[in-house]
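According to our numbering, the sequence shown is numbered sequentially starting from 11. Think of the CB as a built atom: it goes at the ideal place given N, C-alpha and C, for glycine as much as any other residue.
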Amino acid sequence: MRVLTGPFVVDLDGRQLLRDGQPVHLTPKAYHLVTLLLDAAPRALSKDELQQSLWPSTFVDEANLSVLVAELRAALGDEARHPSYIRTVHGFGYAFCGPVERDSGEVQTGPPSGWLLVSEDEQLRLARGTSRVGRDPACEVVLDSASVSRRHARIVVGDGPPRVEDLGSKNGTWVNGRRIDSAAALHDGDEVRFGAVKWLVRRVWEAGSTETIGPV
């Protein structure tokens with residue numbers, strides 16, 4: 011069993027955290043913490059619940075939990091003030107707030123063969139190289155919305171994760187709810203918004219002649 015969130019995979023059988031197929035170091039307690047939060051998501055767990063699960067029948071200072079949360083956030087590249095994964099519920103505890111997808115299949119460790127932008131109505135495959143996003147019909151990704159500038163943003167697809175960059179648009183380009191002011195990497199499961207137009211970023215693997223994509 012594995013749990014996917016953004017670019018991360020929690021391999022429950024192998025007891026490890028992976029980012030884009032590569033292991034991310036976590037202490038055993040930090041790994042236990044992320045599994046507890048994922049299992050409860052999106053429900054928040056109180057500090058007492060977490061302490062009893064992490065240190066059963068043992069009195070520990072509340073600061074130990076804070077240190078453990080800080081370690082997990084560092085491994086996930088998360089920020090306490092603008093969380094994408096670990097949300098502080100002030101006066102209570104913590105909750106996992108990232109996208110969660112559970113999968114019993116084998117962990118994909120190879121690089122993705124391509125990337126999609128997915129909405130409720132359509133899927134757009136991103137071509138390798140630079141794709142301009144905007145209302146202008148000359149753009150590779152044309153978005154017919156008054157909230158989108160004529161030349162709103164660009165997405166660059168290479169060997170690693172694609173990167174999105176705003177081109178001075180009026181209403182901004184947003185990744186996971188945060189307006190970007192410089193190029194930002196996009197990972198599987200990220201939400202990217204151009205003005206008011208939202209898309210989900212998904213990665214695709216080729217399997218012989220069959221193309222596979224995780225659930226949307």
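Within its chain, find whatever has a CB closer than 7 Å to the CB of T220; leave out the 5 residues flanking it on each side and keep chain order.
-> Residue placement at T220 is flagged as unreliable, the pLDDT there being 31, under the threshold of 50; the coordinate-derived value follows with that caveat. Within the same chain, T220 has no close Cβ partners at all.
> Just how far apart, CA to CA, sit R53 and A105?
Replying inline: 6 Å
| query | Is DSSP giving V117 helix, strand or coil here? | reply | For V117, the pLDDT reaches just 45, beneath the cut-off of 50, and the residue's location in the model is therefore unreliable, leaving the point undetermined.
Notebook entry, point to check: Taking the DSSP output, what are the residues bridged to Q133?
Noted result: V128
Where R83 falls: helix, strand or coil (DSSP): helix
- Query: Alpha carbon to alpha carbon, what distance is there between V128 and V226?
  - Reply: Bear in mind that a pLDDT of 35 at V226, under 50, signals an unreliable position, so the number given afterwards is only what the model happens to contain. Distance between the alpha carbons of V226 and V128 is about 8 Å.
**OP:** Have a look at the DSSP bridge pairing and note the partners of G103.
**Re:** S56 and V99
Inter-residue CB distance, A85 and L27 (contact presumed, cutoff 8 Å) = 7 Å
| request: Helix, strand or coil for D6, going by three-state DSSP, please let me know. | output: Lying outside 11 to 226, the shown extent of the chain, residue 6 is not represented and no answer is given.
| For A40, does the count of other Cβ atoms within 10 angstroms reach 16, so buried, or fall short, so exposed? | buried
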